[in-house]
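In what follows, a structure is listed as structure tokens, so that the remarks can point back to it.
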Amino acid sequence: MLAFRSCLLFLGTLCVYGQIDEQEWQCPQFWVYFQSSCYRFIKSPLRSRNEARRNCQAYEADLLSVSTMEEHAFILYQLSIQDPQHRRWYTSAHQQSPNYWVNEDGSSLSEFDQSYFSQSSDSNQQNGDYLIYKFSNEMKKWALERVNGEEVLLYICEAPISKVHYLIMDDRTPQYGLNVDNPERLPKGPYFIKQPVNVVYDLSERQIYNDVTLSCLAGGYPTPSYDWFKEDYELNTLIATKIDPLKDRRYTLSGGALIIHNPRQIEDGGFYHCKASNDYGTIVSETVELSFGVMGDFNLKRSPESGNENWGKAIFCDPPQFYPAVKYYWAREKFPVFVEEDKRVFVSYDGALYFSALEHIDQGNYSCNVQSVVSFNGRNGPFFPLYVKPHSNYQQLKFPNNFPKAFPEAPVAGKDVRLECVAFGYPVPSYNWTRRGSPLPRSTKSSSFSRVLTISNVQVEDQGEYVCRATNGRAAIENSVSLSIQAEPNFTIPLTDKHMDNGADLTWTCEAFGIPDVTYHWYRDGVPIEVDKLPPEDSGRYIIQDNVLTIRYLNPERDPAMYQCQAKNILATKYSSAQLRVLSLSPDFKKRPLEPETYAGEGGNVTIICSPEAAPRPKFTWKKDNNVIGSGGRRRILEIGNLIISPVSRDDEGLYTCQAQNKYGSDMSQGRLIVLKGPSLTSELPPKIVTSVGKYVYMNCRAVSEEILDFAFVWSHNGIRINQDEYTHHKRKINGGSLELHNVTFADAGEYECRVKSTVSEITTKTTLIIDGPPGPPGGVQVTGITKTSAVIQWTDGAKHGRDITHYSISGRTQWNQTWFVIAKDVIGKEVDRYNGRKGAAINDGLTPYCTYEFRVQAGNELGLGLPSLPSPRYRTLSDKPYKTPDNIGGGGGKIGDLIITWKPLTTEEQNGPGIYYKIFWRLKEGPDNEFQTKVLKERGNIGAEVVGISFDYYYTKYEVKVQAANEEGYGPESNITTIYSAEDMPQVAPQSVSALSFNSTAVNVSWSPIDQTREKVRGKLIGHRLKYWKKDNKEGDAVYYLSRSTRPWSLIVGLQPDTYYFVKVMAYNSAGEGPESERYLEKTYRKAPQKPPSSVNVFGIDPSTVRVVWRYVQPSSEEEPLQGYKIRVWEVDQDMSTANDTIIERGSTLEAYVRNLSPGKTYHLRVLAYSNGGDGRMSSPAFTFQMGEAETFRSISSTVVPSSVAMVFLIFIFITII
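So in full-length UniProt numbering, spot 699 of the sequence shown is number 699, and the numbers just go up one at a time.
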């Protein structure tokens, strides 16, 4: 690909190409152009209607005159951009006669009917004689509104471009007219690099440092000098007294720093500012305050506090006097054991300690402590007791002490705002913050269990009503706090340096935003400009209209100086500074000569720039090949000196001379214009390309040009340049004049342009890419008729995307389920309106009654289904009786005399209408009467169980039941009959022949004769048995119960003590409870199991599946049962011990055994233990870990060695370790 270079083909040449649409007149900076007029949206200062007009006239403009619908549309567009806060703007329109409105320029608003006016309910506004632009919340758009003209509002100025173009200043810099190579030595008036800041001197730290410093820093050349002033008021007049270190040795000036030694609160406290001066003028800094931090002492006598348990409590700090601010800390019992915040306890920014609900643990001694925010100085308050009294009730949820609160109450833009919310009540509440009508600002952060909402760096747009909602499961309450944001003045249009012609007029503008609105004052060399007190030679030359300063007939001896615009409101005073230079210069091309060579493309446009330094602006004369040329035809000479030729031809080549002349002299500069032929296309794009979704598209264009010119290919899609980057490389690939599109989608359709761009001209070729695919989403989906289960739906087809629509799919969702599901597919849409192309289809018996639906439609063609439409409005089907029977019908349980019937209630979606309830049916399964008894549960609503009273004689009796759902429309179908049992009675029989045998040292096995499980004896379904046991020497009241959930006639009681007698009783039980107790039986547990493990355990390999194990004898003590034998426990190393196999060796055998049937090659764990009637004893420890040898290896060895040596040799292949 040919590289696109900026046109410096040779050093000192310039190329210009493209369509040039320059005008001799342009709107000044901060003005907007429309139809030969310039518009300025003035946001400060706010003024009444007549004062606003005077301010506009300071620019030789007037208030906005809207006379056409095009101009009205332009203003609405600008307001949407410039005023997102939707404020109100004055125009010049006023009422000349009833309902006849005219502008100050004499035009009328005859095209505007009442639909363009806001319908205000304010009678005063309805009678107003002036018109403003206001955003109407009712109409949701900008509209005109009548006002009386006394309110201070924003306003719009308008002027013909011919009147305000003079405000455009030449692009002059501080270097203009000066020959200074070193920018650091460029003559320049002072400008502040660092403004002074407020300082608080803490008197308590005088022993550490006994001086305070105020400092400012300014730039400029020559280096500025500084003076400091202290401000005082005398008879309501501000007097600034210069600080002289020679008169008071406590003051020291060092650069821009003022150092005050041994500061005194009464004498030195107050306001200060500094001035920076050099040869070009003086500027004054912002005013700062020197204040003194103080902190008094706590009142050491404080009364006890008390509160009720489960009620809220607030304890106030009662701090000492302080300045400027403190932080609060609460201590409990002793310092520094601080109170920790939790969900109940909170320390407010104002120092109050809040308990949402007191608990008894809160009782104790408390102390409030404060620390200065400007030093380490602090005070400890006295400890006082808090008593918590029991209370029979708890507090209902409420907000105490005007919560929620904002800190500070009057927040300032750019600072942090803390919103707090605390509620009293039990249970302890939780909190949630919202902003009414808007989302929370992105800079918000929640803390302290969501009680605190912090807005960092708050902005004006963050103001509004913030709502705190407190909930505790029993109640929910909410309250709000309104946040109004103030703003210090901030210059949106600061002053800029001006380098003006001698004798010219200067209009200087500044603009600042602030809440409350700002006022303006102007300073010259640090002194206020008072127009009525100017010397005679300046009288009438200086005109001030708020933030506009006009100086007429600039004088190079009197007017050059440093000027400042002061913007002030109640929060702060800010300055914007700039330097005024008044110049008298003969034209000079040294810095800005004509380009030696300028290249232009044949048939294109070219601008030859002529911009010498000169003051005042010179008159320009152009020559071609030493022949004077004028402005006309293809040539145009601008007021600023530039020569435009359009279109360029070969005849325009030649040597051009620009001559500039003013009253101080003249100068000239020459440059050559070279006309080249631009690139031409050798391969163009086809007019149209048709493909389908997912396909690959290749486009190609080719061009040639003169060898001296480089050119580049620039591809664009629908007017937007296609940039090749890593994110789109896989989808779009550009290679010079070729463009590849992979896996195209509908978004890729449209106009593609290949632009061949050189430094002198450019040419283009275009194509339209048409992509077929599934149809686009239909629109305007609505329901024209709806019944209980059916609906008629209409829609308008979307884009066909090159193929005819053949079918539709209709899906829906309900308020019960937000997931879309298909209601009807392969639907054939019928045309219902031939004029607008509306389609329709009916859904028959596919909907649920009394259900709110949203529908959407998808259109399909041979390429598939397209995207779904937007959801339709919500529609509700008509109600009907229930279609579904209740599920999971059952019952049983309860107390004797109860018949409990249960079922699964219908879901809301299944109820088909309002007022759901149920009807239940029941009858004896084997009773003499076949009729069902019924009960209508209309007052119970959507329940799932009901208890019916029956005779006590019908305990544990079979009943047939069914359930029927109903609503306000009628009864649904009855369910199938289900058999359930009535409630059971307690068993009336006790187990017989109870006996017990000792199982081991800690368990006995209890057995009894099986119970006859008849209805009359068990009186229900036998669930199991309850065993009651206690030591022989204890009372029966100390008995322990064991529950056996089995109907088998035996059970094992475990957890007993060895060698101990126990009494045992047994009872049968069912769901109603337990029956009578059996006779007791006495049994003794065995003595203890072996307490010592076998020792000296060794393992020897015999063959690949057998090992021999030996150990030493275990001697039981007198507290242990005699040994019955030993167990060798073996399990695989990668298994749990529960999988172990035991090899049992009876007592009397030798102390060795063989463990057989092991797997060759596997690794095992092995332990040995002794056992007796008392149970298994302790196992040997640690376990042996060994690996068996491979069978093949054993067979190989046995075939080559003598038999007696086989076992010994096999041991070589066995690895035995102890772990």
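For every residue, glycine included, the Cβ atom is placed at its ideal position computed from N, Cα and C.
Asked	Found
Report the option in I544, R803, N490, P1076 whose CA atom is closest to the CA atom of L571.	N490
Please report how far the alpha carbon of S356 lies from the alpha carbon of N402, in whole angstroms.	15 Å
Going by alpha carbons, who is nearest to L153 out of P647, Y329, Y130?	Y130
Could you give the first and the last residue of the continuous alpha helix (DSSP H) run that contains C510?	Premise fails: C510 is in no alpha helix (DSSP H) and is neither H nor E.
CB D797 to CB P775, shorter than 9 Å?	yes
What residue range does the beta strand (DSSP E) around R1178 cover?	1175-1179
How many Å lie between P429 and G860 at the Cα?	54 Å
So if DSSP puts P528 in a beta bridge, which residue, or which two residues, is it bridged to?	Y523
Let me make sure I understand the geometry here. Which of A791, D559, D362 has the alpha-carbon closest to that of Y387?	D362
R54 by DSSP, collapsed to three states: which one?	helix
Looking at the structure shown, is Q125 part of a helix, part of a strand, or coil, going by DSSP?	Here Q125 scores only 49 on pLDDT, less than 50, and its place in the model should not be relied on; the value that follows carries that caveat. Residue state, collapsed to three classes: helix.
With distances taken Cα to Cα, identify the nearest neighbour of G719 among T1014, K533, V744, Y752.	Y752
I'd like the list of long-range same chain contacts for G970, defined as Cβ closer than 6 Å, with 5 residues on each side in sequence excluded.	K881
Is R834 buried or exposed, if buried means 16 or more other CB atoms sit within 10 Å of its CB?	exposed
Using only alpha-carbon positions, find the residue among Y698, H94, I734 that is nearest to L769.	Y698
Roughly how many angstroms separate the alpha carbons of V373 and Y191, rounded to a whole number?	32 Å
Note down the Cα distance separating D826 from G750, rounded to an integer number of angstroms.	31 Å
Can you grab the Cα-Cα spacing for the pair A423 / P320, in whole Å?	27 Å
So, does the stretch 433-444 touch the stretch 365-382, judging by three or more C-beta pairs under 8 Å?	no
What are the residues that DSSP puts in a beta bridge with P160?	S37
Could you give the first and the last residue of the continuous alpha helix (DSSP H) run that contains S97?	Element bounds for S97: not the alpha helix (DSSP H) but the beta strand (DSSP E), 89-97.
Measuring only the C-alpha atoms, how far is A1170 from W1111?	11 Å
Quick one: residues in its chain with C-beta nearer than 8 Å to the C-beta of N50, no 5 flanking neighbours on either side, listed in chain order?	G149
Would you tell me roughly how many angstroms separate the C-alpha atoms of Y875 and S869, rounded to the nearest one?	16 Å
Going by DSSP, name the residue or residues bridged to Y209.	The partner list for Y209 (beta bridge, DSSP) is empty, contrary to what the question assumes.
Measure the CB-CB distance between W922 and L899 and report whether it falls below 9 Å.	yes
Using 8 Å as the cut-off, classify the Cβ of G177 as near or not near the heavy atoms of the ligand FMN, replying yes or no.	With respect to small molecules bound, the structure shown includes none, and the ligand FMN cannot be examined in it.
From this set, Q96, I156, C38, D297, which residue's C-alpha is nearest R88's C-alpha?	I156
P1122 CB to nearest chain D CB: under 9 Å?	Within the model displayed, chain D is absent; a lone protein chain is all it includes.
Please return the same chain residues whose Cβ sits closer than 7 Å to the Cβ of Y542, not counting the five positions on each side in sequence.	I529, V531, L534, I551
Is the beta carbon of V994 sitting closer than 9 Å to the one on I977?	no
Starting from K677 and walking both ways along the alpha helix (DSSP H), at which residues does that stretch end?	Unbroken run through K677: none, as it is neither H nor E.
Please list the terminal residues of the continuous alpha helix (DSSP H) segment that includes D268.	265-268
Given Y808, which residues of its chain have a CB within under 7 Å of its CB, disregarding the five upstream and five downstream residues?	V827, G829, A841, V857, Q858, A859, G860
Going by DSSP, which residues form a beta bridge with M699?	L739
Mind checking I208: buried by the 16 CB within 10 Å criterion, or exposed?	exposed
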